[in-house]
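Quick notes on the structure that follows.
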Amino acid sequence: MAEANIDELDPKHFILIKGARVNNLKNLSVAIPRNKLVVVTGLSGSGKSSLAFDTLFAEGQRKYVESLSSYARQFLGRMEKPEVDYIKGISPAVAIEQKVNNRNPRSTVGTTTEIYDYIKLLFARIGETISPISGEVVKRDTVATVVNAINAKEEGSKFMIAAPLALHEERTLEEELNILLSKGFTRVLVKGDMQYIEELDAQKLDPSEVEILIDRLSVNREDEDANFRLADSVQTAFFESHGSCHVHFREEDVVRYSDRFELDGMEFEEPSVNLFSFNNPYGACRKCEGFGKVLGIDPDLVIADKNLSVYENAIVPWRSETMKKWLKPLLDMAHKIDFPIHRPVKELTEEQIELLWEGKGKFEGINAFFKFIESQLHKIQYRVLLSRYRGKTTCPDCKGTRLRKDANYVKIGGKSISELVLMPLGEAYQFFEELELNEYQAKVAKRILKEIQNRLAYMQEVGLGYLTLNRLTSTLSGGEYQRIKLATSLGSALVGSMYILDEPSIGLHPRDTARLGNVLSTLRNLGNTVVVVEHEEEVMRRADQIIDIGPAAGIHGGELVFQGGWDDIQKEQNSITARFLNGTETIPVPTRRRPWKYSIDLYGARENNLKELDVKIPLEVLTVVTGVSGSGKSTLIRKILYPALGKIFGVTGEETGRFSGLDGDYKMIQKLEMIDQNPLGRSSRSNPVTYVKAYDAIRSLYSDQPLAKQRGLKPAHFSFNVEGGRCETCQGEGEVKIEMQFMADLHLTCDECKGKRFKEEVLAIEYKNKNIADILDLSIEESLEFFEDQKAIVSKLQPLFDVGLGYVKLGQSSNSLSGGEAQRVKLASFLGRGQAAQKEKILFIFDEPTTGLHFKDIEKLLASINALVDQGNTAIIIEHNMEIIKSSDWIIDLGPDGGDQGGQICFEGTPEEMVKLKDNYTAEYLREKL
Numbered sequence: 001m002a003e004a005n006i007d008e009l010d011p012k013h014f015i016l017i018k019g020a021r022v023n024n025l026k027n028l029s030v031a032i033p034r035n036k037l038v039v040v041t042g043l044s045g046s047g048k049s050s051l052a053f054d055t056l057f058a059e060g061q062r063k064y065v066e067s068l069s070s071y072a073r074q075f076l077g078r079m080e081k082p083e084v085d086y087i088k089g090i091s092p093a094v095a096i097e098q099k100v101n102n103r104n105p106r107s108t109v110g111t112t113t114e115i116y117d118y119i120k121l122l123f124a125r126i127g128e129t130i131s132p133i134s135g136e137v138v139k140r141d142t143v144a145t146v147v148n149a150i151n152a153k154e155e156g157s158k159f160m161i162a163a164p165l166a167l168h169e170e171r172t173l174e175e176e177l178n179i180l181l182s183k184g185f186t187r188v189l190v191k192g193d194m195q196y197i198e199e200l201d202a203q204k205l206d207p208s209e210v211e212i213l214i215d216r217l218s219v220n221r222e223d224e225d226a227n228f229r230l231a232d233s234v235q236t237a238f239f240e241s242h243g244s245c246h247v248h249f250r251e252e253d254v255v256r257y258s259d260r261f262e263l264d265g266m267e268f269e270e271p272s273v274n275l276f277s278f279n280n281p282y283g284a285c286r287k288c289e290g291f292g293k294v295l296g297i298d299p300d301l302v303i304a305d306k307n308l309s310v311y312e313n314a315i316v317p318w319r320s321e322t323m324k325k326w327l328k329p330l331l332d333m334a335h336k337i338d339f340p341i342h343r344p345v346k347e348l349t350e351e352q353i354e355l356l357w358e359g360k361g362k363f364e365g366i367n368a369f370f371k372f373i374e375s376q377l378h379k380i381q382y383r384v385l386l387s388r389y390r391g392k393t394t395c396p397d398c399k400g401t402r403l404r405k406d407a408n409y410v411k412i413g414g415k416s417i418s419e420l421v422l423m424p425l426g427e428a429y430q431f432f433e434e435l436e437l438n439e440y441q442a443k444v445a446k447r448i449l450k451e452i453q454n455r456l457a458y459m460q461e462v463g464l465g466y467l468t469l470n471r472l473t474s475t476l477s478g479g480e481y482q483r484i485k486l487a488t489s490l491g492s493a494l495v496g497s498m499y500i501l502d503e504p505s506i507g508l509h510p511r512d513t514a515r516l517g518n519v520l521s522t523l524r525n526l527g528n529t530v531v532v533v534e535h536e537e538e539v540m541r542r543a544d545q546i547i548d549i550g551p552a553a554g555i556h557g558g559e560l561v562f563q564g565g566w567d568d569i570q571k572e573q574n575s576i577t578a579r580f581l582n583g584t585e586t587i588p589v590p591t592r593r594r595p596w597k598y599s600i601d602l603y604g605a606r607e608n609n610l611k612e613l614d615v616k617i618p619l620e621v622l623t624v625v626t627g628v629s630g631s632g633k634s635t636l637i638r639k640i641l642y643p644a645l646g647k648i649f650g651v652t653g654e655e656t657g658r659f660s661g662l663d664g665d666y667k668m669i670q671k672l673e674m675i676d677q678n679p680l681g682r683s684s685r686s687n688p689v690t691y692v693k694a695y696d697a698i699r700s701l702y703s704d705q706p707l708a709k710q711r712g713l714k715p716a717h718f719s720f721n722v723e724g725g726r727c728e729t730c731q732g733e734g735e736v737k738i739e740m741q742f743m744a745d746l747h748l749t750c751d752e753c754k755g756k757r758f759k760e761e762v763l764a765i766e767y768k769n770k771n772i773a774d775i776l777d778l779s780i781e782e783s784l785e786f787f788e789d790q791k792a793i794v795s796k797l798q799p800l801f802d803v804g805l806g807y808v809k810l811g812q813s814s815n816s817l818s819g820g821e822a823q824r825v826k827l828a829s830f831l832g833r834g835q836a837a838q839k840e841k842i843l844f845i846f847d848e849p850t851t852g853l854h855f856k857d858i859e860k861l862l863a864s865i866n867a868l869v870d871q872g873n874t875a876i877i878i879e880h881n882m883e884i885i886k887s888s889d890w891i892i893d894l895g896p897d898g899g900d901q902g903g904q905i906c907f908e909g910t911p912e913e914m915v916k917l918k919d920n921y922t923a924e925y926l927r928e929k930l
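Per full-length UniProt numbering, the sequence shown runs over residues 1 to 930.
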């Protein structure tokens, strides 16, 4: 779109941005067509997010704020406008980002998507309470149900209405009978025989055999007076006996009715919304208070290495001299009770494991040992000891469902609410589709069911059918969280809005990316403008328009390189993105695959959907674990392998998924590192330069300048984290936070230091005409040039450039980095250790490191990971990206599908062997790349 004619376009058909200068954008002007699917692409750091989020979304929000009342606006007077000449034709904006901001331990997929709220309502309105003893439906009898049941008998049948005697605890039977006389009752039934109260000998009676005779009647359906008298008698029976009514027909058993919600001698809670809410004290499990987890003794910490036998000190707390006495009785009596003390723990039977925990004879067992420790907590050494073996374990009462036990007596279609939240969403959808209800239930449930089915259908559309409603939001990946938000937006079906999405294809297998394309198209077809920041070829193929920002990253980016459709980009040569898409440039396939002879062997993995897997993980090579979304990759590596090894190395206390044992050459590894997308630091003070320890060298350099020495400034004065050199108004933040009560907080540049973070006297110290604030404003790439003569600084900054972060500014706050950027900073910190790190053999686990990476940057990332493997380290990568898969030495493919249809090993071997497979989703897409 030429700049000259942007002023002439109609804002009814285009969103017009003129002269955007946010971050690295260089006076960018662009016209985005309305109600279309537009993909914004370009290298990492080229300015895509600056255009989509910091310009478009920020302006959309600001315009919304201007529509509020003056009372709300008085707090927002200083809400900063993006640096741009003008933006016309903008719609209300909804941003769906990848950050999983939700660390709330109570937040689940069900509560985030609101599906659980509808299911609670459904159970409260049409759920049937089933007695666990007889399996009968629990019903509360009313006067009307009893009258109808009696009137269903043969006309003229004679019967008696009685109420069991409710004896007051402070009265004798004689006193109770006298009270009945005073109320006007004259007769009672004793074992079913009618007797006058005045003639009874109370001493000889058992109160449980006595019933008050309320009335004697016969069935007379037509007579209104008779029916009125019958109803009145039933009501009296319920009142006198506190909820029971017995009807005696001649020659028949007594029929017992109760207006209490009870059956089989059990009282039940009536279904209500709160009964099914684990965030409410009424419905939450009493033991874990609705968290699903309790702090208990973690068996995996007590017996960390299951390859050891009891004799070889497998039980960690009993290794010390003082605690050995707990094990001695078992070693002494092992031959008598036939206990194999030399057999590895992983080979013991369930009975033998139970004996270890519960004890037998003189051997008291591990549980008794911890009870003893708990009784000694007034001594510090015992408190420390106990803390070592404590971990989060699944609540024994509610089995992790978070609800009180009796909530599960309520069922719909034979399923309790706990069974539903533990089902994969795909199965739950099928359950609600096939649910058969009676006429009354169907009427009540019609609206609720529609909402549940719609939301479940959208969750499947965005490729999340494998999740369960009970899954914690904090355990989701950025991509999963974003797709949940996307499904929730579809559920609310806004029209005429602008949706801005940040790489929704993260964590999706190419097979599922196609389905995501359908969802984005649906959102557009409703009448919305959908702007997607994306690197995925499949999404670009579907776009109505592609906008490429570049040509490179950081200071070399920020310009509009290309705008047009999929067919146009095939002919383009100036854009790096285009060259990769049309095949001019490619990431080369490695010429050889590294062979391996050592491995870690994992047996019997059965957590979540894994089906008793045995897998060999090669050491000293690059292994990729792949498979469709929900096939069990993260469960295998993040939930089982990492915590299992981590407990042996003492680096994590996370709960380990269920598996049988670990074997092989894992002792060759000296260190374990998980490089995931979690933020580097929660604090706005953390930044990439402090993380890779480069800032220490920069501060020393500045404190060595002559003027600094003259003024007595130490390296600490050049830190914005401690008092001394920092600006005290903003405490070195460079901005002041204004709390907005009912709106998002505002961050405004500090008036005192104008965002420079330091005091004037510190800013006066310069090196090559730049002060410390100017340095923090340089990008990594610029600083490498600036400090070229400072070896100590360059050696620390170079790895950041090597992993493709040359565009990031030295002082950029860690919490403004995307998940993928944070992950690459962690990687750079290992590359920067150089020689020191080479002595240790490290096992690196990467969780989708290509997040947010352009083809060009994937090339750099691969070079960095290969450098680590060449030093003798091991890399395991959970990944869907075909460029990474084709460059690996070994592939472990899980599947064949997601959820219950997954969890099996479909393939183990090299990429060349994999492409020969038929009917394998990964192989199908890999063929195109090899």
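Even glycine gets a Cβ: it sits at the ideal position worked out from N, Cα and C.
Please read all numbers here as calculations on a predicted model, not as lab measurements.
Proximity winner among the options, relative to residue i (alpha-carbon distances)
i	options	result
Asn-313	Ile-337, Asp-332, His-342 and Ile-297	His-342
Asn-104	Ser-474, Thr-635 and Tyr-499	Ser-474
Ile-772	Asp-704, Pro-911 and Leu-435	Asp-704
Arg-21	Arg-34, Arg-542, Lys-12 and Ser-49	Ser-49
residue 931	Gly-243, Leu-472 and Val-689	The first residue shown for the chain is 1 and the last is 930, placing residue 931 beyond what the model contains.
Ala-334	Glu-354, Phe-363 and Arg-471	Phe-363
Gly-47	Phe-369, Glu-434, Pro-33 and Leu-28	Leu-28
Phe-14	Asn-24, Leu-25, Asn-23 and Asn-35	Asn-35
Val-421	Asp-300, Asn-769, Gly-895 and Tyr-116	Tyr-116
Ser-387	Leu-894, Cys-398, Glu-419 and Glu-374	Glu-374
Val-528	Arg-541, Ile-500, Tyr-642 and Gln-545	Note that residue 528 corresponds to Asn in the displayed sequence, not to Val. Selected option, being the one with the closest Cα: Ile-500.
Cα-Cα separation between residue i and residue j, rounded to whole angstroms
i	j	result
Gly-365	Trp-357	5 Å
Leu-526	Val-495	6 Å
Lys-336	Ile-617	41 Å
Glu-612	Gly-630	16 Å
Pro-281	Asp-10	56 Å
Ala-764	Leu-476	47 Å
Gln-823	Glu-289	35 Å
Glu-3	Thr-108	Its pLDDT being 48, under 50, Glu-3 is placed unreliably by the model, and nothing is read from it.
Reduced DSSP category for residue i - H, G, I as helix; E, B as strand; rest coil
i	result
Val-651	coil
Gly-426	helix
Trp-890	strand
Met-1	At Met-1 the pLDDT is 46, less than 50, meaning the model places this residue with poor confidence; the figure from the coordinates comes in the next sentence. It is coil, neither helix nor strand.
Arg-685	coil
Tyr-389	coil
Asp-512	helix
Leu-16	strand
Ala-923	helix
Val-869	helix
Pro-706	helix
Tyr-118	helix
Ala-694	coil
Subject >> Sequence ranges, beta strand (DSSP E) only - wholly within the segment 263–334, length at least 3 >> reply: 293–297
Original post:
For the segment 804–818 against the segment 667–687, are there 3 or more C-beta pairs whose distance is under 8 Å?
Top reply: yes
Subject >> At least three beta-carbon pairs within less than 8 Å, the segment 551–566 to the segment 82–102 >> reply: no
**OP:** Spell out a yes or no on whether the segment 572–580 and the segment 58–69 are touching, meaning 3 or more CB-CB pairs, one atom from each, closer than 8 Å.
**Re:** no
Original post:
Is the segment 630–648 in contact with the segment 586–605, if contact means three or more CB pairs nearer than 8 Å?
Top reply: yes
Original post:
Can at least three beta-carbon pairs, one atom from the segment 893–910 and one from the segment 455–470, be found at a separation below 8 Å?
Top reply: yes
Subject >> Runs of beta strand (DSSP E) lying entirely within the segment 537–621, each at least 3 residues, in chain order >> reply: 545–550, 559–564, 599–605 and 613–618
**OP:** Decide if the segment 451–460 is in contact with the segment 112–126; the criterion is three or more beta carbon pairs, one per stretch, under 8 Å apart.
**Re:** yes
**OP:** Count the CB pairs spanning the segment 669–680 and the segment 722–730 that are closer than 8 Å, and state whether there are at least three.
**Re:** no
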